[in-house]
Structures are given as structure tokens and as C-alpha cells.
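Asks: Numbering (mature numbering (1 follows the signal peptide of the UniProt record, and there is no 0)), first residue to last: -20 to -1, 1 to 103. The following block contains the structure, expressed as C-alpha cells.
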């Protein structure tokens, strides 16, 4: 009985720490650093359950709901791309979005690996 109560207490604590964490995409507009991911993750399952395709125009975001479409603009060259959120991330502090390799190529950030970007949710 003590083990059961202890397990319940632990699960309650963990459930309290975890949340869906999603935000309302309406009006979402953030500026920060983007990175990209590609071949190492190609074909693996994303957090949404679909297979990651490094050539598609998709991205990982910590809080925007899956399926949200966002416009990502590279602030250095003003190139932009529209991507669909299908994964969670980035897992590196200080970054706001992880783009697929295909999306990163569209906005000219393959060489640098990261770029300062503006992320705007589309209605």
C-alpha cells in the first residue's frame, strides 16, 4: 500500500510538472535564433508521429500546436519560407525553432547552421 501511495504521489508530481505547453498561434510573432536538422534524423518519427523528411518544409517548435503554419524570415537576407510545425524542439537553449534542411536551404542558412529569424504564425 505504501508503494502504491508513493507511486501515486510521484505520478501526481510529474503530472504537475508536465503540461501540454501549447500556445495559441493566433498573433504569434517571435524573433530569435533558428537552427536546422537533417540527415541524422531523416526517416525517424517526429513528436507528431509522422516520419521526418529533411527535404520537406517542416519545423520543430516547443509550444506551437502541430499543424500550425509559420512564416520564418532570415533577418540577415530577408529570405522567408512557410513551414508546418510537426515536431517538438529545439532542444538547444537559446533557439526558438528547428527547421528541416529543406526549409533552411530556402532561407539561406545551410552554411552558417543558425540564423537570426522572425517566426510568424499564419492564420
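Just so you know, even glycine gets a beta-carbon here, dropped at the ideal spot from N, CA and C.
#1: What are the boundary residues of the alpha helix (DSSP H) that includes residue 83?
#2: Against chain B, does residue 103 count as a neighbour if the rule is that its beta carbon must be under 8 Å from one of theirs?
#3: For residue 53, which beta-bridge partners are listed by DSSP?
#4: Can you tell me whether residue 57 is buried or exposed? The criterion is at least 16 other CB atoms within 10 Å of its CB, across all chains shown.
#5: For residue 50 and residue 61, what's the separation of their Cα atoms in angstroms?
#6: With distances taken Cα to Cα, identify the nearest neighbour of residue 53 among 36, 99 and 64.
#7: Per DSSP, what kind of secondary structure is residue 114 in: helix, strand or coil?
#8: Buried or exposed: which applies to residue 15, given that a residue is buried once 16 or more other Cβ atoms fall within 10 Å of its Cβ?
Replies: If we stick to the structure as given:
#1: 81 to 86
#2: Judged by its chain identifiers, the structure shown contains no chain B, having just a single protein chain.
#3: 60 and 98
#4: exposed
#5: When rounded, the distance between both Cα atoms is 8 Å.
#6: The shortest C-alpha separation from residue 53 is found at 99.
#7: Not covered by the structure: residue 114. The range shown for the chain is -20 to 103.
#8: buried
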